[in-house]
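To keep things clear, I will list the structure first and then write my remarks on it.
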Amino acid sequence: MDADTPQSVPSPSIAEHGIDTATNVSRTFEEVTAALKAAVDRLGAAIAEAQRPGQPVAKLRAVTREAPLASLFIAFLLGVAIARRR
186 MDADTPQSVP
196 SPSIAEHGID
206 TATNVSRTFE
216 EVTAALKAAV
226 DRLGAAIAEA
236 QRPGQPVAKL
246 RAVTREAPLA
256 SLFIAFLLGV
266 AIARRR
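Per the numbering used here, the very first residue in the sequence shown carries number 186; after that it's consecutive.
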């Protein structure tokens with residue numbers, strides 16, 4: 186072999202490009218799926234923490250059970266106030 190002669194590197198075929206692309210997409214889906222699962226797990230833990238007795242969600246649930254119509258009215262007014270701001 187002569188050092189001055191360039192070696193011809195065969196270019197990948199369309200099938201090889203397709204396989205590489207499919208592999209990259211598969212890895213991307215796996216990464217997104219793992220990130221989404223981690224986010225859902227963190228959200229579930231935060232919700233479970235907020236639902237413990239004495240926490241805000243537990244207090245809101247108790248107030249709603251005691252006075253459902255008043256809670257519905259307050260939620261409606263809050264929704265109207267938020268809608269008017271936009």
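A virtual CB, placed ideally from N, CA and C, is assigned to each residue, including glycine.
The structure displayed is predicted, hence computed values, not measured ones.
Residue 209 CB to nearest heavy atom of the ligand NAP below 7 Å | Ligands are entirely absent from the displayed structure, and the ligand NAP is therefore not among its contents.
Beta-carbon separation of residue 230 and residue 237 under 8 Å?
-> Contact check for residue 230 against residue 237 fails: the beta carbons are separated by 8 Å or more.
I think residue 241 touches residue 233, with their Cβ atoms under 8 Å apart; what is that distance to the nearest whole Å?
-> Contact between residue 241 and residue 233 does not hold, since their C-beta atoms are separated by about 13 Å, which reaches or exceeds 8 Å.
Just how far apart, CA to CA, sit residue 220 and residue 204?
-> C-alpha separation (whole angstroms): 24 Å.
Within-8 Å CB hit, residue 225 to chain D = Of the protein chains in the structure, only one exists, and it is not chain D.
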